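Q: In full-length UniProt numbering, the protein residues as written are 1 to 707.
Here a beta-carbon is modelled for each residue, glycine too, at the ideal position from N, C-alpha and C.
Treat the numbers as computed from the prediction; the structure is a model and nothing was measured.
(1) Taking just the CA atoms, how far does residue 191 sit from residue 471?
(2) Decide if residue 509 is buried, meaning its Cβ has at least 16 other Cβ atoms within 10 Å, or exposed.
(3) How should residue 537 be labelled, buried or exposed, when 16 other C-beta atoms within 10 angstroms of its C-beta is the threshold for buried?
(4) Whole-angstrom Cβ separation of residue 626 and residue 670, contact assumed at under 8 Å?
(5) Within 10 angstroms of its Cβ, does residue 442 collect 16 or more other Cβ (buried), or is it exposed?
(6) For my contact list, residue 246 and residue 255 are in at a C-beta cut-off of 8 Å; report their separation, rounded to the angstrom.
(7) Around the C-beta of residue 504, are 16 or more other C-beta atoms found within 10 angstroms, so that it is buried, or is it exposed?
(8) According to DSSP, simplified to helix, strand and coil, what is residue 80?
(9) Could you say which of 352, 129, 144 and 106 lies nearest to residue 164 if we only look at CA atoms?
(10) Reducing DSSP to helix, strand and coil, say where residue 190 ends up.
(11) Apart from the five residues just before and just after residue 672, which ones in its own chain have a Cβ nearer than 6 Å to its Cβ?
(12) Could you tell me whether the stretch 272-281 touches the stretch 413-425, using the rule of 3 or more Cβ pairs below 8 Å?
(13) Could you tell me the alpha carbon to alpha carbon distance between residue 290 and residue 21, rounded to whole angstroms?
(14) Cβ of residue 542 within 8 Å of Cβ of residue 408?
(15) Taking its Cβ as the centre, do 16 or more other Cβ atoms sit within 10 Å of residue 434, making it buried, or is it exposed?
(16) Where do the N-terminal and C-terminal ends of the beta strand (DSSP E) with residue 641 fall, by residue?
(17) Express the C-alpha separation of residue 665 and residue 271 in angstroms, rounding to a whole number.
(18) With DSSP as the reference, label residue 140 as helix, strand or coil.
(19) Just reading off the beta strand (DSSP E) that residue 630 is part of, what are its end residues?
(20) When the Cα atoms are used, what is the spatial distance from residue 74 to residue 444?
(21) Which residues bound the beta strand (DSSP E) around residue 426?
(22) Comparing alpha-carbon positions, which option in 476, 498, 295 and 172 lies nearest residue 211?
(23) Going by CA-CA distance only, name the one from 521, 527, 103 and 448 that's closest to residue 540.
(24) Roughly how many angstroms lie between the CA atoms of residue 432 and residue 500, to the nearest whole one?
(25) Helix, strand or coil, according to DSSP, for residue 491 in the structure here?
(26) Considering only residues of the stretch 484-555, which uninterrupted alpha helix (DSSP H) runs meet the minimum length of 4 residues and lie entirely inside it, listed in chain order?
(27) Give every residue of the same chain whose Cβ lies closer than 8 Å to the Cβ of residue 692, excluding the five residues on either side of it in the sequence, and list them in chain order.
(28) If you reduce the DSSP assignment to three classes, tell me which class residue 341 lands in.
(29) Run through the DSSP bridge pairs and tell me what residue 206 is partnered with.
(30) To the nearest angstrom, report how far apart residue 93 and residue 286 are at their CA atoms.
(31) With a cut-off of 8 Å, do at least 3 Cβ pairs link the stretch 396-413 to the stretch 311-320?
(32) Residue 438 to residue 293, Cα distance in whole Å?
(33) Hey, how far is the Cα of residue 688 from the Cα of residue 547?
(34) If contacts are defined as beta-carbon pairs under 8 Å, then residue 608 and residue 284 qualify, I think. What distance do you get, rounded to the angstrom?
(35) Identify the continuous beta strand (DSSP E) that holds residue 364 and give its terminal residues.
(36) Less than 7 Å between C-beta atoms, sequence neighbours within five positions excluded: which residues of the same chain meet that for residue 189?
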C-alpha cells in the first residue's frame, strides 16, 4: 500500500482506472475488474487480474506492491473479575465516552442490549465516519459507525448485521455495555456481562462472511476506513494459517499504517497451537494476544442406574434431563455388522450404528474424534464420550446432552453395561467449579518463537480466551453442528479471537487515562505490568504467554514505558535484511523507507518491552540489548534494576540505577546476556524489573534454541 499523494487535483480512482487500462486485454473495461479502491488512509486498489496482468502492474513505475487476495480465518463474564478488573474500577467517563474502538470482524447484532445507546450522548466530535450499515441495520450513539465490504464471492452480503455471532461476541468483550442477570441455557454462567470500556463507542467494519471468508482486500479496505474514520484502537480477531512475511501480511501492513496515525492494533495469536512457530500476527508494531483460562470450569455428571456418579468435563451441556434415566448402550452393541466391524461400532463411526437400536438411548462412544460420534449418532437421548487422552482442555457445546469422561471412567461404565441386565444412565446439566490452576494457556493457542523475526518475542501477552461469555447474534449457530437449531442472545465461546478484544478493550482503557500516549507506549504499559505466569503449568513458557497475563489495573500506571516509532521499525526491518523497496511495501512512504548507509543494527536493538535471544548467539559471544525508557510515573524517581536469571546465564544491566528528575524524561541502559557454559535446555527464562518501590516495570529475557 502506498502513501496518499498530496498533489493538487489528484484523483485516486481515476489513477487506478488508468493503471488498469494499461494492462487489460482489448475489450475489457477497468470498471469490470476493479473490486475496491483505497483512497483515504493509503493509496491502492483491489482488482481481478491474471498473473500476467499482476506482473505488468508490479513492474510499473510508482507501484509499491501487488499482494494476492485470499480469505483469512476468524480466530474464534467472569474474565474481567478474574483479572481483578471489577465493576467499580477507576474510570474517566468523559474520556471513555469519546474513545472509539474499531472492530474488523463479521459485523454486529445492533439490537443486542450490549450495544444499547441508553444514556449515551452524540458521537465524539472527532468522529469522521459514517453509518453505512446496509439492509436492516441502524446505528445509534453506541454503534456510531458501520461499514460492510461486499464481495463477489458472497453476493448476499448487503448488511453489517452479524449472522455468525463472532463479531458480536468480540465487540461486546471489548466495549459492551454492562447487562445484568444474563446466562446461557437458562442459568448457565449467570452473571453480569460487560466489556472493558462499556462507556466507549464502537465502529464496525464487516469484512468477514459465512464459511470463514475474510478476503484480504476487504481487510485492507476496513483498515483504510477505520484509520480515516478516526478510531482510537483497532481490534482484529482473525489471522492467517501461518505467519507471513511482513510484505505479504495485510494485517501487518494495515496495522503499520494505523501506527503511523497513532492507532494501536490488537490481534489474535492464532488457534494452531501447541506447535512451536505456529503463531501468526507477529509484527512488532501491533500487539499479539494468546488465550488463557479463567478460574471458571464447566463440568457435568454421568449418573448410572446404580447411583454411581462420574464427573465429566470439557462440555457445556445446557440440557436438563431432570434426573430421568434412559437406557444405556455401548456403540458396539448397536453396530451394523453388514457394513462395519465391532471396532467401528465401539467408536460410533458414521453410518455404522443401527438407528432402531440407539433411538431414545444414551450411547457410549470410545472415540477421541468425538465430533463425528455426536453428529452422526442420531435419535439418541445423549452421548457419553470416552477420551483416552486429554486432547481437549476447553469446554465444547453440543446440540444434545453430552458428557466427556476419561479412560478409567469409561471402563467403569462399560463394566456396568456388561454386568447389568437393563443398564440406565442420565447426564446432568453443566455446572461451574473453580479452577485453582488458572490462568493457564490452552493447547490451541498458537506458540512462538516468532517465525519471521527470531529476536522479537511473540506472543506479546496473554488474556482470557477460554469459555468466554459474551453477546451473540440470535441467528448465529450456538455450536459447530449443522443440526443445532438453538439460538441465543449470549454464548460461551473459546479462541484467541476472544483473547484479542480483552486486550483491545484494555488498550482503550489505558488510552482514556493517557489520551496522548503513542501506540507503543500503550502497548508497553500493558506488557510491562502483566502478571508473571506459572512456568510449571505452562511448560512452553514465554512462547505460550509472552510477558505474562493481562493486568488492567496496573497498566494505567506503569511507571516507565518503552517507546518505538516509525523510524525505529524501519531500522528493525533493515536489520533483518529488508531492502528499501521491500520496506516501502509496508510503510507506503518512500521518504521514510530508506535504510541508513552501512547500517549494522540487529532486531535486538528495537526498543521492545521484551528480549529474545537465539542460544547459539550467546554461546559464541555476549548478546547486547540497548533500551530506552520514558518516565511516566513520578517526576523525581529512582529506579533500580532487579535481575532474576537461571544459573546457566549471566545477565548484567548498565547502568543498574536510573535517576529521573521530571516526567517524560528518557534514560537509556544496556542489558548484556552470556552463557556460563554450553546450554542444554531448549528454553531459559530470565527477567529484568526496574523498580522505584512503587512501580515494577518487568521485561522477560528469553534464551532459546531455534529448531
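A: In terms of the structure at hand:
(1) 13 Å
(2) buried
(3) exposed
(4) Contact holds; Cβ gap of about 5 Å.
(5) buried
(6) Not a contact, Cβ separation roughly 10 Å.
(7) buried
(8) Helix, per DSSP.
(9) 106
(10) strand
(11) 622, 624 and 652
(12) Because the criterion of three Cβ pairs below 8 Å is not met, the stretch 272-281 and the stretch 413-425 do not touch.
(13) 45 Å
(14) no
(15) So residue 434 counts as exposed.
(16) Bounds of the beta strand (DSSP E) holding residue 641 are 637-644.
(17) Roughly 40 Å between the two C-alpha positions.
(18) coil
(19) If you look at residue 630, you'll find it in the beta strand (DSSP E) that goes 623-631.
(20) With a pLDDT of 48 at residue 74, under the threshold of 50, the predicted position of this residue should be treated as unreliable, though the coordinate-derived value follows. Between residue 74 and residue 444, the alpha-carbon positions lie close to 14 Å from each other.
(21) 424-427
(22) 476
(23) 448
(24) 24 Å
(25) strand
(26) If you keep only unbroken alpha helix (DSSP H) runs of at least 4 residues inside the stretch 484-555, you get 496-513, 519-528, 542-545 and 552-555.
(27) 559, 633, 634, 637, 638, 639 and 640
(28) Looking at residue 341 - three-state DSSP - the assignment turns out to be coil, as it is neither helix nor strand.
(29) 105 and 148
(30) Roughly 26 Å between the two C-alpha positions.
(31) yes
(32) Rounded to the nearest angstrom, the two C-alpha atoms are 6 Å apart.
(33) 11 Å
(34) Confirmed, Cβ separation roughly 6 Å.
(35) 362-365
(36) 183, 432, 469 and 492
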